Amino acid sequence: MSPEPSSALLLGVCDYPEHVSPTLWPDFARQQRELGLSFVRLAEFAWSRMEPRPGEYDWAWLDEAIEVAAAEGLKVVLCTPTAAPPAWLVQAHPEILPVGRDGRVKAFGSRRHSDPASPVFREHSRRITRALAERYGQHPAVIGWQTDNEFGWGDTAQTYTPAARSAFQTWLQARYGTLDALNAAWGNVFWSMEYSDWAQIPLPGQAVAACSPSHTLDFMRFTSGVLASFQAEQVEILRDCSPGRFATHNFMGFFSAYDHYELSRGLDFASWDSYPTGTLTAIGEWQVMEPEVAVAYARTGHPDITAFNHDVYRGLTGHGHWIMEQQCGQIDWAPSNPLPAAGAVALWTAQAWAHGADGVAYFRWQAATMAQEQLHSGLLRHDGTPDRGYAEVQGIDTAAYPLVPVVNRVALLHDYDSLWAYNAQPHAVGMNYWAQTFAYYRALRSLGVDVDIVHPDADLTPYAVIVAPALTVMTPERAAQLEAAATHAHVVFGPRTALRQHSGRAQDGGGAGPLAGLLGVRPLNFDSLPAGLTQDVTLGGSTHAARLWAEAYAPQDTQVLATYAGGPLDGHAAVTRRGPVTVIGAHSDTLIQGVLGDVLHAAGIEVTPLPEGMRVSRRGDHTLVQNWTAETVTWQGHVLLPVSSLFIETASLLATPPERV
Amino acid sequence: MSPEPSSALLLGVCDYPEHVSPTLWPDFARQQRELGLSFVRLAEFAWSRMEPRPGEYDWAWLDEAIEVAAAEGLKVVLCTPTAAPPAWLVQAHPEILPVGRDGRVKAFGSRRHSDPASPVFREHSRRITRALAERYGQHPAVIGWQTDNEFGWGDTAQTYTPAARSAFQTWLQARYGTLDALNAAWGNVFWSMEYSDWAQIPLPGQAVAACSPSHTLDFMRFTSGVLASFQAEQVEILRDCSPGRFATHNFMGFFSAYDHYELSRGLDFASWDSYPTGTLTAIGEWQVMEPEVAVAYARTGHPDITAFNHDVYRGLTGHGHWIMEQQCGQIDWAPSNPLPAAGAVALWTAQAWAHGADGVAYFRWQAATMAQEQLHSGLLRHDGTPDRGYAEVQGIDTAAYPLVPVVNRVALLHDYDSLWAYNAQPHAVGMNYWAQTFAYYRALRSLGVDVDIVHPDADLTPYAVIVAPALTVMTPERAAQLEAAATHAHVVFGPRTALRQHSGRAQDGGGAGPLAGLLGVRPLNFDSLPAGLTQDVTLGGSTHAARLWAEAYAPQDTQVLATYAGGPLDGHAAVTRRGPVTVIGAHSDTLIQGVLGDVLHAAGIEVTPLPEGMRVSRRGDHTLVQNWTAETVTWQGHVLLPVSSLFIETASLLATPPERV
Amino acid sequence: MSPEPSSALLLGVCDYPEHVSPTLWPDFARQQRELGLSFVRLAEFAWSRMEPRPGEYDWAWLDEAIEVAAAEGLKVVLCTPTAAPPAWLVQAHPEILPVGRDGRVKAFGSRRHSDPASPVFREHSRRITRALAERYGQHPAVIGWQTDNEFGWGDTAQTYTPAARSAFQTWLQARYGTLDALNAAWGNVFWSMEYSDWAQIPLPGQAVAACSPSHTLDFMRFTSGVLASFQAEQVEILRDCSPGRFATHNFMGFFSAYDHYELSRGLDFASWDSYPTGTLTAIGEWQVMEPEVAVAYARTGHPDITAFNHDVYRGLTGHGHWIMEQQCGQIDWAPSNPLPAAGAVALWTAQAWAHGADGVAYFRWQAATMAQEQLHSGLLRHDGTPDRGYAEVQGIDTAAYPLVPVVNRVALLHDYDSLWAYNAQPHAVGMNYWAQTFAYYRALRSLGVDVDIVHPDADLTPYAVIVAPALTVMTPERAAQLEAAATHAHVVFGPRTALRQHSGRAQDGGGAGPLAGLLGVRPLNFDSLPAGLTQDVTLGGSTHAARLWAEAYAPQDTQVLATYAGGPLDGHAAVTRRGPVTVIGAHSDTLIQGVLGDVLHAAGIEVTPLPEGMRVSRRGDHTLVQNWTAETVTWQGHVLLPVSSLFIETASLLATPPERV
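Line order of the protein sequences matches chains A, B and C.
At the far end of the first sequence sits residue 661, using the UniProt record's numbering, and the numbering has no gaps.
At the far end of the second sequence sits residue 661, using the UniProt record's numbering, and the numbering has no gaps.
At the far end of the third sequence sits residue 661, using the UniProt record's numbering, and the numbering has no gaps.
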């Protein structure tokens with residue numbers, strides 16, 4: 001419980017010295033050190049200060065800011081400033097402005113007003129990155145780099161500029177070689193969408209009605225690649241000029257606009273920006289919880305929502321991620337922005353660590369006194385006094401949070417191709433890739449199980465149970481990998497599994513294509529249920545009500561575990577099992593929890609059903625219990641105050657098999 | 001009950017052989033024949049296959065597809081492929097792309113990406129139509145033609161291109177002769193909207209706020225005419241090249257964007273595409289039924305909604321319409337897309353026949369394995385196995401559905417001028433032309449009455465009762481026709497009757513203008529009721545709550561049947577009658593049902609009040625009873641299983657006079 | 001109670017003789033006189049009749065219309081017709097069309113299709129104004145002028161044309177002198193938004209995400225100034241050509257798009273257009289009343305909503321305003337448009353007078369029989385018969401409404417800078433400047449208190465109680481003025497007071513900046529509460545539930561009156577008082593009412609708590625009691641019929657101190 005300091009959780013803060021008078025800098029640095037912080041993140045968005053006029057650099061202020069921090073022993077994470085191109089660059093090259101799906105140019109005046117497909121913008125991105133990296137790359141206080149900031153924020157990952165269209169056509173030509181191949185892959189015979197010239201191909205989303213999902217899917221892959229190469233150019237320069245420092249990027253929660261695995265390649269680890277109260281409202285439309293439940297979590301966010309993202313971002317590189325921006329007070333971008341509960345900042349920090357975070361930077365040091373984020377809190381108020389989060393950070397003993405590895409035996413598979421293909425045709429209000437995937441994750445967490453969220457093509461040998469909630473896109477290679485996994489692990493699949501080929505088309509011959517053999521079922525029908533309409537499922541003696549989605553199967557030498565009762569699917573299989581493989585076709589939280597509980601039990605994974613709002617997380621041999629509710633909970637002899645954490649002996653956990661369903 | 005096969009309902013299917021391997025074609029044709037289908041609809045959207053490059057035709061595949069069908073004795077309905085212009089045409093002539101009301105060009109990538117007002121597009125439409133008709137027009141298997149597909153789909157009937165604006169100005173000049181006449185007709189003195197040059201006239205809908213309803217009304221007439229002439233050019237070519245074959249078009253349910261009577265002129269009969277579960281959700285905003293009622297019909301659609309459209313489309317030409325696309329499984333375009341109930345496909349087919357359909361083509365043979373409609377079902381699944389609808393089609397004995405005429409004594413009047421004028425200024429959330437018209441239709445159907453939906457200028461002599469729910473536009477000629485009708489029939493009018501002249505202006509002198517004498521009332525006030533506010537009406541001893549709309553009248557030598565009680569209209573007439581003419585001013589389902597019941601009774605029309613979800617339809621001397629609910633119903637000694645049909649002896653119907661109101 | 005006629009309320013009507021046949025004019029004028037009207041408003045929107053072709057004026061019709069009115073002794077208010085530029089002007093100069101925030105040009109076809117920043121449009125505005133004023137400026141019947149009509153209607157106050165952008169840049173340069181000053185004032189170091197060239201500055205609202213509130217705030221000031229100078233040009237011409245006549249403008253209720261104080265400078269008095277049933281629905285999103293309460297007022301509007309606007313518009317110039325358009329039947333622009341209750345027109349007229357109106361013009365004489373407003377009522381119906389409002393106007397004895405001054409001792413401070421700054425970042429769904437300000441006004445009115453709504457920089461010496469609900473923007477000068485006011489008056493402040501400097505930035509040093517000393521509190525935190533989440537406040541023995549907003553303070557030598565209980569603000573001050581200054585941080589109707597009651601009592605202002613829907617208003621020594629509900633109310637011995645008014649002796653009012661809270 002008392003590791004070497006160097007191996008404990010790093011705390012830091014996002015600071016913008018350029019926003020305040022330099023006379024405050026020394027005091028701020030001293031306070032930061034005294035608060036137990038060990039690093040500051042600097043220079044995000046500061047391009048107009050680094051290069052006030054074209055080619056005219058001003059480093060004096062940043063030199064001083066870094067020296068002041070270093071003087072207090074603080075380390076520095078620097079950011080490439082490309083998320084906020086300066087006005088003079090836009091004036092000289094208005095063609096770098098992004099264009100939205102609606103065809104409107106997005107003007108200067110906030111941030112991310114640039115098209116990553118623009119060769120001109122790319123050139124300036126490389127230039128400012130090199131200038132910055134050359135200046136500070138080898139400074140002893142500088143420990144690492146953040147590339148840009150929140151790629152895709154403000155719906156900017158997909159741009160609709162002439163540059164993007166032309167690059168998309170080139171990308172397609174490189175990928176498909178011939179138009180015949182592209183027309184076949186996209187199924188362009190449908191509605192006479194066949195192309196006879198690469199230059200005919202438009203960007204999707206601007207037609208009379210929805211474009212082909214294959215068109216959309218390839219556009220998402222293309223734009224993801226554009227951002228990945230944009231970042232790779234920066235990383236290459238940073239590696240060149242700043243050896244021995246880490247490179248990371250600060251992603252966002254539940255973000256769909258690019259392949260985060262692709263963008264993490266070449267980074268040392270992934271980071272993300274965690275704003276639990278905001279993310280709670282952002283997913284309101286998913287129908288994952290009743291509105292009154294969402295209100296109950298208004299001041300903490302929901303434990304599984306935050307944990308899910310930690311597990312996603314840890315999984316991108318497979319080890320210790322960072323929280324590059326950690327909410328430490330109220331935010332300013334949700335429809336309403338309630339104050340966090342007392343204890344929430346400590347709760348979030350402890351959870352981040354327990355789910356594998358090695359570093360946590362609070363956003364931000366002092367609340368901004370100007371511009372767009374004036375109503376967003378920091379550790380200090382506008383008047384310089386410590387705000388509510390400050391005291392909570394002060395109370396954190398990082399020694400209690402050693403940087404030991406997270407080792408889990410349960411994997412949940414996650415894949416952006418499947419996400420894009422699923423969400424291009426959700427077919428049911430309230431359903432989408434994230435909602436379906438999260439339902440399985442939440443069920444696992446409610447059973448007290450720790451989860452690795454990994455890519456389906458990753459190494460799956462460490463896992464005893466593999467849950468694939470929504471692997472819509474299935475290739476022969478991926479099917480082979482899953483067949484191999486089933487030789488050592490229990491594998492659970494959700495609805496729409498393997499519905500599509502890599503191209504986004506249905507499998508040749510229908511059904512689950514290359515995965516059909518493993519699943520042991522032939523899909524019969526899927527039922528998309530509007531609000532108010534449910535479909536009963538009987539599993540053993542219990543009945544569960546599927547909502548939003550119900551999928552039925554013809555078993556092929558396969559055991560039927562649950563059957564639909566009543567309705568158009570009456571009597572058909574809802575849950576099947578053949579050996580280690582389980583298929584769940586009905587969307588019901590209780591059914592999913594029950595089936596997963598059985599599978600975990602069969603795999604020898606300890607199951608501990610937990611009350612709502614209470615969660616257990618393990619890192620190494622440390623077991624953290626948290627109560628995210630506003631009430632004191634007594635559980636297995638432990639008293640958990642509202643919004644609090646507790647370390648317990650893992651052995652003390654009573655492993656209760658879930659109610660047999 | 002066993003007519004000659006040639007005089008029984010024709011069943012067919014929409015097939016897209018170009019979507020699958022030709023090796024499957026012979027088996028498909030054999031299966032189609034064995035299923036009892038007698039025709040296939042082919043070549044819809046197949047322009048890029050017919051003419052892969054400008055002027056370079058490829059007929060080989062279609063030759064073979066037709067021969068394969070013919071070899072099994074199947075007849076063929078061919079489509080002009082103009083709903084999906086190929087990419088090369090758009091590349092060569094980008095000006096043919098449609099522009100939306102928001103000024104944005106709608107790009108290539110789905111379908112209907114063309115402006116029917118474009119002379120260039122028109123030229124290519126004629127060219128491909130002639131090439132196709134010359135090739136197949138006299139093929140013995142080809143029995144008829146579908147022009148284009150679903151005119152106006154994707155909000156494309158109204159385009160805002162320079163070509164459309166220029167053509168609109170020319171059309172206005174031809175219609176009005178002088179600007180003085182146009183300025184007077186539109187009332188352009190209002191807000192200084194007077195024009196002094198034809199070139200000043202803009203397209204409506206792009207101004208600071210709403211344009212004049214007269215401006216909008218003429219724009220709807222103009223665009224309707226553009227589509228009508230677009231189609232007429234195709235029909236002329238088809239008549240020329242393909243004598244003896246029918247020409248039809250597949251319209252859509254509750255579609256407002258053009259005058260369907262105008263577009264039916266020159267066709268042999270009208271067709272429509274019936275998707276009962278989708279149409280149910282599409283009219284959700286009309287407030288015609290409570291949300292929980294809509295959920296109850298989620299798997300069948302509502303009987304009156306589907307029947308209403310059958311009666312509209314039969315009425316366009318006055319005889320046997322076709323269902324050119326009949327839902328036979330779940331669709332993919334509603335917010336949620338539930339599976340149809342068991343029995344629904346048979347139920348829909350029987351209803352279509354009972355309401356006068358001579359042909360029904362299921363959409364589609366095999367579910368598409370690619371592109372936009374992958375999640376839309378067909379008779380076969382992706383994997384080629386028969387889907388749920390297949391067995392229902394197999395069970396249909398078409399001999400039970402002879403093609404005898406539908407003869408009704410009750411007419412409901414329907415007119416697109418009134419629709420456009422009404423909906424340009426609905427004045428009350430939840431009210432529109434369709435909702436008001438449907439309320440009267442539903443009341444008639446709930447009384448067991450069969451209805452012809454006809455144009456007000458049609459021959460009304462066959463009818464004993466004529467219901468005109470929403471004839472907002474009234475000309476002297478139309479008034480004379482209604483006066484003549486009242487000499488032999490009972491006539492019932494709803495609110496807003498005759499509110500406007502042909503120009504969309506209020507009647508000169510106010511009130512009902514030329515119809516005032518017939519109505520026998522002077523309108524006092526109309527009340528537009530927000531949700532939660534109702535207005536009581538007393539009719540005899542009963543009280544009814546008007547919602548959404550209440551209109552009061554000063555009777556002129558006219559009997560007052562119902563009076564408003566309380567509220568601003570207290571004591572004023574809500575329902576009046578003078579001789580054969582009844583005026584209903586209050587929007588209340590129970591009031592409408594009661595008054596109509598009385599009128600029907602007085603006219604000697606048999607009235608059979610029916611339980612919710614149960615409906616009776618007559619064709620010739622065949623009486624079909626249907627239960628559209630999920631429960632078994634026992635009614636007048638007949639046991640009706642859920643979602644089922646039954647033929648009964650008409651004599652067995654107990655004609656119950658409705659509760660006297 | 002029987003003043004000279006010349007000193008009684010003037011009634012008039014908006015008439016559009018050009019909409020009807022001149023043969024009707026003499027009868028109309030006679031009827032108007034007989035109805036007791038003394039003036040008509042003419043020529044609004046009539047540009048195309050005044051100048052049918054460029055430079056070709058036609059005055060004959062207007063000459064006659066004025067003579068016909070004058071012949072019956074009616075006075076005339078003329079309007080400059082610039083709210084509806086004619087088609088020939090738009091054709092010749094399409095660049096005068098406004099452009100919306102979405103970048104789309106707003107076309108001809110309704111009204112207000114012009115950019116007030118366009119030099120070309122300005123030139124034509126001056127030209128037609130001079131021609132009209134020269135023609136009629138000295139006509140003896142003409143008593144005054146209305147400039148234009150409803151500036152900003154249809155979201156046209158802010159235009160996004162190249163002319164507007166260029167003028168904005170020029171305006172900024174004049175205001176700030178240097179880009180350094182502008183960059184500092186806006187805080188442009190944030191997100192690298194610093195400008196190095198004036199030409200770089202875009203219009204706000206078209207960027208990737210929200211622009212800086214300072215950017216928005218200056219844009220609102222700029223566009224307000226554009227309209228003010230546009231109007232000033234007209235007023236200068238009117239003064240020149242039409243001496244001795246008044247100049248006014250007809251504003252709209254709760255309108256935010258410009259500074260109404262700025263636009264009233266140079267006018268003789270302000271007018272506004274009062275549509276009580278419409279305004280009720282327009283504020284639906286504010287969450288100021290439950291939906292069922294809104295339904296209860298559907299036929300009258302809410303008394304405080306209408307009174308609030310009367311008090312705003314009286315306060316613009318500090319004396320007798322006019323209602324230039326008074327609803328006298330159902331309107332046509334709300335989602336639903338219920339008929340007014342019987343008595344509502346008389347009720348509204350009496351209230352207008354009691355709140356200081358000197359003139360009321362009903363809108364409109366006869367309902368329009370054409371174009372956009374056909375479904376909007378007038379005093380006469382389409383058929384020329386008197387509509388429901390006519391009889392009510394007939395019953396009004398204007399002698400009972402003498403034009404004595406309104407003298408109040410309670411002021412409510414209102415300021416458009418604060419409005420814009422607040423609404424640029426509302427931070428909580430349902431909260432905005434108007435909703436917060438209105439909550440305080442409503443509380444005062446529910447206590448039977450009459451209120452002057454005045455600008456914070458106005459003369460505050462007449463007041464014993466000053467309520468400043470939402471003075472977000474605070475300058476040193478304004479703070480000094482409030483400190484001076486506190487020497488003679490009790491002053492009450494609401495949440496967010498003094499949060500920002502004039503630039504829209506937070507105060508230097510945070511907190512309330514220059515007002516901190518007077519408030520005696522240091523702000524700790526604000527809590528933004530989503531629907532369903534409340535925050536308890538204890539005040540004495542009572543508990544109140546704050547909703548939407550809760551703000552906590554650290555008192556500095558200041559008494560804490562109320563404290564938060566539970567939640568993140570537990571134990572912190574919610575209401576404080578130091579001497580004459582009270583600060584209320586929690587948004588709770590009952591709390592606000594209670595605290596204000598105490599303050600009024602302490603200030604010696606008579607307090608009379610009133611039942612919902614019943615209100616008392618005083619003008620001079622006349623006390624008017626009104627019942628706005630649909631039920632008869634007995635109160636203090638007075639019987640008030642539904643929707644009715646009563647004069648009482650002020651002495652008979654029982655001044656009840658509100659429940660001590």
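By construction, the Cβ of each residue, glycine as well, lies at the ideal position given by its N, Cα and C atoms.
Model, not experiment: these values are computed from the prediction.
Rounded C-alpha distance that separates residue i from residue j
i, j, result
"C/I331", "B/V208", "19 Å"
"C/Q169", "C/T216", "13 Å"
"C/V404", "C/L97", "44 Å"
"C/V661", "C/Q535", "The predicted position of C/V661 is uncertain, since its pLDDT is 48 and thus under 50; a value taken from the coordinates is nonetheless stated next. In a straight line, the C-alpha of C/V661 is about 18 Å away from that of C/Q535."
"A/L533", "B/V583", "40 Å"
"A/P642", "A/R265", "40 Å"
"A/D589", "A/E262", "31 Å"
Closer than 8 Å to chain F by CB, residue i
i, result
"A/H427", "Any reference to chain F falls outside this structure, whose protein chains are A, B and C."
Closest by C-alpha distance to residue i, when choosing among the options
i, options, result
"B/A562", "B/R547, B/V595 and B/I466", "B/V595"
Residue i in three-state terms, based on DSSP
i, result
"C/L347", "helix"
"B/D27", "helix"
"C/D527", "strand"
Integer-rounded CB distance, given that residue j should sit under 8 Å from residue i
i, j, result
"A/H321", "A/A350", "15 Å between Cβ atoms; not a contact."
"B/V312", "B/H414", "6 Å"
"C/V142", "C/S38", "About 14 Å separates the two Cβ atoms, so there is no contact after all."
Item to check | Residues within the stretch 199-218 of chain C neighbouring chain A, beta-carbon criterion of under 9 Å | outcome: Residues of the stretch 199-218 of chain C that bring their beta carbon within less than 9 Å of a beta carbon in chain A comprise A199, Q200, I201, P202, L203, P204, G205, Q206, A207, V208, A209, A210, C211, S212, P213, S214 and H215, in sequence order.
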